[in-house]
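Under our numbering, the residue at position 43 of the sequence shown is numbered 34, and the numbers go up by one with no gaps.
Yeah, the Cβ is synthetic: ideal placement off N, Cα and C, and Gly gets one too.
Bear in mind that the values here come from a model prediction, so they are computed numbers and not experimental data.
Working notes for the structure below.
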Amino acid sequence: MKDQKTKIWLMTILGIAVGLGVLLTGVISYQEGNPLMSAIAIIAGAGSIIWAISYARKSSRDEKKGLPLTDERSNRVVMFAFGKAFVFSIWWLLVLGFLSENTIQFRDVSQATSTAILGMVVIAGLCWLWYRNKDLDKARI
-8 MKDQKTKIWL MTILGIAVGL GVLLTGVISY QEGNPLMSAI AIIAGAGSII
42 WAISYARKSS RDEKKGLPLT DERSNRVVMF AFGKAFVFSI WWLLVLGFLS
92 ENTIQFRDVS QATSTAILGM VVIAGLCWLW YRNKDLDKAR I
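As structure tokens, then:
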């Protein structure tokens, strides 16, 4: 019981800290005159904070009812989704590497790395959204 509360609070604090960090990056980017990057960062930061608060509320409600934080199905969804996301991420990195020669021009290595990581996060999120509504008994990795 105490371990669940600790996990809920740690995930909430981590989500809010990440959100505040990204919000701060957006504000700094706006002050430097980059409105597109700042808008993306502010939206992502606000989304992270909203997610953290909704996660805390839902998990606390489930914990008070005596339900486990994760069940067998959600573990399988994560396993399927991140297994598929790993494969797609490797392809994403290969495509990004091949296109960076002529098609995509990056300022420096950090911009290419940031683009690659952002793509991986989007791929993982899309895979999770795809598998959470599927019948996992019929799903293939």
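#### Entry: For residue 54, three-class secondary structure by DSSP
helix
### Message
What does the alpha-carbon distance come out to for the pair residue 59 and residue 7?
### Response
23 Å
### Three-way DSSP call (helix, strand, coil) for residue -6 in this model
helix
### Query
DSSP on residue 64, reduced to helix/strand/coil?
helix
### Message
I'd like the span of the alpha helix (DSSP H) that includes residue 110, first residue to last.
### Response
100 to 123
### Task
Please name the residue in 61, 24, 72 and 54 whose C-alpha comes closest to that of residue 120.
72
#### Entry: Nonlocal neighbours in the same chain, by C-beta distance under 8 Å from residue 149, ignoring five residues either side
Because the chain spans -8 through 132 in this model, residue 149 falls outside it and cannot be assessed.
#### Entry: Sequence-distant residues of the same chain with beta carbon closer than 6 Å to residue 75, five excluded per side
118
### Query
In or out: residue 14 buried (at least 16 other Cβ within 10 Å) or exposed?
buried
### Message
So for residue 26, helix, strand or coil by DSSP?
### Response
helix
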